[in-house]
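A short worksheet on the structure shown next.
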Amino acid sequence: MRIVSYRRPVVVRSWPAFLVAGLALAAPRLAVLFWWLVDPARWQFAFRGHVVLPLAGVLVFPWTTLMALLIAAPDQLSDQHWIWLGVALLLDLLMYDRDIWRMAREPEAIQPAKSNSGRMTSPPIE
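Right, here's the structure in full:
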């Protein structure tokens with residue numbers, strides 16, 4: 027006689043984490059907003075109840091704000107935490123700096139268009 031066990035697979039409900047990760051790749055500001063709506067207690071814990079710092083962070087440095095939410099610790103930040111914050115800050119700076127890199131690769135993109143100093147010229151007379 028054979029005993030057959032019918033076990034249901036364990037379903038881990040981690041879809042919110044995948045949703046946050048997908049939003050983070052697509053748009054970090056939307057991911058931060060979503061995280062604030064889903065888990066406002068994490069915001070209170072991460073930013074110690076301040077309002078201006080996270081708001082400025084979302085507007086100016088969204089990747090760094092997202093990383094600060096992710097690594098919020100009850101005590102001091104370890105060296106690993108500072109490294110991750112540095113990586114996020116680098117991502118933010120590279121987001122703003124991508125136009126500068128494009129201009130460095132394409133020098134003609136930064137040269138202004140030729141003009142005639144604002145003088146009106148008439149077409150040549152034949």
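Residue numbers (the working numbering): 27 to 152.
Backbone N, C-alpha and C fix where the C-beta goes; we use that ideal spot for every residue, glycine too.
What you are looking at is a predicted structure, and each value in this text was computed from that prediction instead of being measured.
- With fewer than 16 other Cβ atoms from the protein chains shown falling within 10 Å of its own Cβ, Leu81 counts as exposed.
- The beta carbon of Ala98 sits closer than 6 Å to those of Phe71, Ala72, all from its chain and outside the five residues before and after it, given in chain order.
- The beta carbon of Leu115 sits closer than 8 Å to the beta carbons of Phe87, Trp89, Thr90 from its chain, once the five residues preceding and following it are set aside; these are given in chain order.
- With respect to the 9 Å criterion, Leu92 and Ala57 are classified as neighbours on the basis of their beta carbons.
- Contact check for Leu111 against Trp69 fails: the beta carbons are separated by 9 Å or more.
- Assigned with DSSP and collapsed to three states, His107 falls in helix.
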